[in-house]
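This report refers to the structure that appears directly beneath it.
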Amino acid sequence: MKIRIAARGSKLSRIQVKMVEDELRKLGIETSFIEVKTKADLFQHSSLSQLGKGVFEKEVNQAVVDGLADIAVHSMKDMLSESPEDLELYAVLKRDPPYDVIISNSGDIFSVESGKVIGTSSVRRRNSVLFYRRDLVVRELRGNIDTRVKKLKNGEYDAIIVAEASITRMAQYDSEFRSLKYYRLEPTVMTPEANQGIIAIVGRKASPNLKEIFKPINHEKTFREAIAERTALNIIGGGCHSPLGVLVEELDEKEYKGIITYVDTRKKISVEGVYNGEPKEVGEKLGREMLKEIKNEGITTKT
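Using the working numbering, read the sequence shown as starting at 99 and increasing by one per residue.
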């Protein structure tokens with residue numbers, strides 16, 4: 099049996115596909131790769147907010163819907179909070195570090211000199227930086243992770259903020275990334291994107307036998323955390339272009355630690371605590387608490 103995998107063609111995306119392929123190979127399953135160009139790849143000079151929702155995934159998912167591929171592999175943080183009608187989440191790999199990091203030669207976000215230029219394409223990260231440091235300049239930073247690092251080294255930016263998982267994955271195959279100096283931003287400082295650090299495998303609902311193949315490679319703890327985070331996000335109505343971060347960590351059976359944060363340049367609202375229940379219940383509790391707080395502030399997040 100050979101499984102056809104659709105994904106973007108960036109270096110990081112290929113690494114993520116390889117991670118899935120390695121797991122399938124342990125089961126004796128062969129694979130082939132199908133590269134898909136997405137809207138985000140074709141319009142690299144446009145801001146992500148201008149391009150709209152699902153810019154990293156729609157075309158990849160369509161390859162599966164059209165029968166050109168059997169599964170799609172995504173960074174789960176880039177997926178829409180609600181899956182397309184014909185598709186479902188088959189499995190997730192074990193979560194890599196979910197945090198944001200700042201790559202800088204002058205320390206963490208609180209140590210960077212006044213007036214320095216910080217690069218990011220994320221509204222959430224931009225707002226977080228300016229909430230703490232209005233003396234810094236934040237500029238749009240587009241491109242794949244290797245392009246972003248190159249722009250930093252070329253002096254176009256003084257520091258950039260990216261997902262730690264992208265650095266650790268690239269570092270497995272690229273020595274340049276192993277030598278990068280970066281500082282982790284703790285969730286209380288910059289709460290990460292929902293599902294950050296998770297690789298997702300998506301397939302057709304109409305292929306239950308295919309879905310069954312992925313059961314052995316599904317990391318159940320990560321899966322439960324992912325469901326809790328997405329449930330919280332769905333209740334609030336945020337997405338990857340909203341200034342919302344959410345992180346849930348499973349502590350014990352049906353016990354989770356969660357934090358969810360809304361941030362603009364002048365206001366930050368966080369809800370955190372320990373919650374008991376099934377993943378969806380936990381996400382609902384966390385999401386409802388946050389929804390109450392932001393409604394009290396007159397904030398609307400539905401997009």
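Think of the CB as a built atom: it goes at the ideal place given N, C-alpha and C, for glycine as much as any other residue. The model shown is predicted, which means the values in this text are computed figures rather than measured ones.
Between the CA atoms of residue j and residue i - distance to the nearest angstrom
i    : j    : result
E186 : S173 : 15 Å
T129 : I325 : 27 Å
E274 : Y373 : 40 Å
Y360 : S204 : 27 Å
V190 : E370 : 25 Å
I296 : R193 : 5 Å
K251 : K116 : 27 Å
E262 : D206 : 14 Å
I258 : R231 : 14 Å
G241 : Y255 : 14 Å
L166 : I101 : 11 Å
G126 : G301 : 19 Å
A269 : N394 : 44 Å
V215 : V199 : 16 Å
E157 : D244 : 22 Å
L149 : G107 : At L149 the pLDDT is 44, less than 50, meaning the model places this residue with poor confidence and gives no usable figure here.
K365 : V163 : 41 Å
L331 : F321 : 15 Å
R123 : K135 : 26 Å
L349 : M388 : 21 Å
I333 : P306 : 28 Å
I169 : P290 : 26 Å
N159 : K313 : 20 Å
Identified DSSP bridge partners for residue i
i    : result
V346 : G356
V199 : V260 and R282
I216 : V236 and A257
T372 : The displayed chain sequence assigns Val, not Thr, to residue 372. DSSP, once it has assigned bridges, lists K355 as partnering V372.
E157 : E157 pairs with nothing; no bridge assigned.
K100 : E128
S173 : I297
E387 : Beta-bridge pairing links E387 to no other residue.
I367 : Y360
CA nearest to the CA of residue i, picked from the options
i    : options                   : result
M288 : V134, G205 and F229       : F229
L317 : A298, I259 and R328       : Looking at the sequence provided, one finds His at residue 317 rather than Leu. Ranking the options by Cα distance to H317, first place goes to A298.
I132 : R112, E395 and T329       : R112
I358 : V235, G126, K352 and L342 : L342
A104 : E155, T286, D120 and E121 : E155
K352 : S368, T363, I334 and E376 : E376
R224 : L349, T363, I392 and G385 : T363
M99  : I311, K355 and A161       : I311
Y188 : E119, R282 and K309       : K309
I201 : K279, R222 and L178       : K279
T419 : L345, S340 and P196       : It is not possible to answer for residue 419, since the shown part of the chain is limited to 99 through 401.
E284 : R246, P196 and P314       : P196
K319 : G335, E347, E379 and A304 : E347
Residue environment, residue i, which counts as buried when at least 16 other CB atoms sit within 10 Å
i    : result
F208 : exposed
N293 : buried
S277 : exposed
T398 : exposed
S226 : buried
T286 : exposed
T264 : First, the residue type needs correcting, since residue 264 is Ser and not Thr in the sequence shown. The residue in question, S264, is buried, as its Cβ has 16 or more Cβ neighbours within 10 Å.
S220 : buried
D176 : buried
K383 : buried
Y271 : exposed
G253 : exposed
A161 : buried
> In chain order, which continuous runs of the alpha helix (DSSP H) of length 4 or greater are located wholly inside the stretch 102-141?
Replying inline: 109-124 and 137-140
> Can you list, in chain order, the stretches of the beta strand (DSSP E) that have 3 or more residues and sit fully within the stretch 237-325?
Replying inline: 257-261, 280-283 and 297-302
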